[in-house]
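Encoded as structure tokens, the structure appears first; notes follow it.
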Amino acid sequence: MAGTSRARAETPEIEIVSAPKKPVEKRKASPSTSQAAKPSKAAKTTNAQPKQQNCQWSASEDASLISTLEEKQLARSVPMNVIANSVWPEVAKKLNAYNKDHSKDKDAAACKARFTELKRLYRAFKRLKNMSGGGWDERNKRVIFDPSWWDDWAEAGGKKADDILAFRYKGFPLFDDMFHLVEKDRTY
Numbered sequence: 198m199a200g201t202s203r204a205r206a207e208t209p210e211i212e213i214v215s216a217p218k219k220p221v222e223k224r225k226a227s228p229s230t231s232q233a234a235k236p237s238k239a240a241k242t243t244n245a246q247p248k249q250q251n252c253q254w255s256a257s258e259d260a261s262l263i264s265t266l267e268e269k270q271l272a273r274s275v276p277m278n279v280i281a282n283s284v285w286p287e288v289a290k291k292l293n294a295y296n297k298d299h300s301k302d303k304d305a306a307a308c309k310a311r312f313t314e315l316k317r318l319y320r321a322f323k324r325l326k327n328m329s330g331g332g333w334d335e336r337n338k339r340v341i342f343d344p345s346w347w348d349d350w351a352e353a354g355g356k357k358a359d360d361i362l363a364f365r366y367k368g369f370p371l372f373d374d375m376f377h378l379v380e381k382d383r384t385y
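Per our numbering, the very first residue in the sequence shown carries number 198; after that it's consecutive.
Right under this line is the structure:
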């Protein structure tokens with residue numbers, strides 16, 4: 198090993214092994230003038246489903262949704278705030294059987310979407326209820342603040358302010374009923 202340095206002579210040889218090369222797909226040739234050109238994006242049609250109309254939910258249907266969810270969750274041995282996807286079709290079926298006076302049957306997706314919206318309202322109302330300086334109207338389940346306080350929130354703007362301002366003139370009667378369905382259950 199006359200010509201190699203001493204450090205190189207002491208290092209072991211490393212064999213490089215590589216996997217066999219995969220064949221490369223050939224690119225398609227651009228369309229010639231004899232081939233028809235692709236239609237423009239505007240001319241393409243889609244197979245997308247038409248957007249479903251939103252279901253209208255009454256206060257009694259909201260209450261039925263929450264009580265049905267509580268009933269289903271109590272029958273299962275899981276935390277109340279963990280709702281499996283398999284529960285939603287059962288809830289929709291029971292809700293439609295119970296409420297005959299609505300204009301459109303609620304499906305599982307509509308029930309889940311409404312519960313998600315109710316959870317958002319619950320969290321906004323909880324934030325509002327925990328703020329200092331307000332009063333509580335037990336009869337209407339409503340938080341009461343001075344008009345100037347509400348005006349300050351209106352000036353602040355933003356998504357959180359909009360969520361809070363939704364309760365300026367109304368309460369949230371489902372707040373206590375939704376507690377176990379939204380908050381983490383410490384027993385599990």
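Just so you know, even glycine gets a beta-carbon here, dropped at the ideal spot from N, CA and C.
Collapsing the DSSP output to three states places D343 in coil. In this structure, the CA atom of P370 is about 15 Å from the CA atom of V379.
For W333, the enclosing beta strand (DSSP E) begins and ends at 332-334. In the DSSP annotation of this structure, E380 is not part of any alpha helix (DSSP H), being labelled neither H nor E.
Contact between the region 285-299 and the region 317-336 is absent: fewer than 3 CB-CB pairs across the two stretches fall below 8 Å. Excluding sequence positions up to five before and after I361, its CB lies within less than 8 Å of the CB of A321, R324, L325, W350, all in the same chain and listed in chain order.
Contact annotation, L315 with M375: C-beta distance approximately 7 Å; criterion of less than 8 Å satisfied.
Distance between S329 and A353, taken at the CA atoms: about 18 Å. In the DSSP assignment, C308 falls within the alpha helix (DSSP H) that extends over 305-326.
Between L262 and P344, the alpha-carbon positions lie close to 33 Å from each other.
Only residues of its own chain outside the window of five on either side were considered, and among them S261 have a CB closer than 7 Å to the CB of Y295, listed in chain order. Straight-line spacing of the CA atoms in L271 and D348 works out to 42 Å.
By a beta-carbon distance limit of 8 Å, A289 contacts D304. Their separation comes to about 5 Å.
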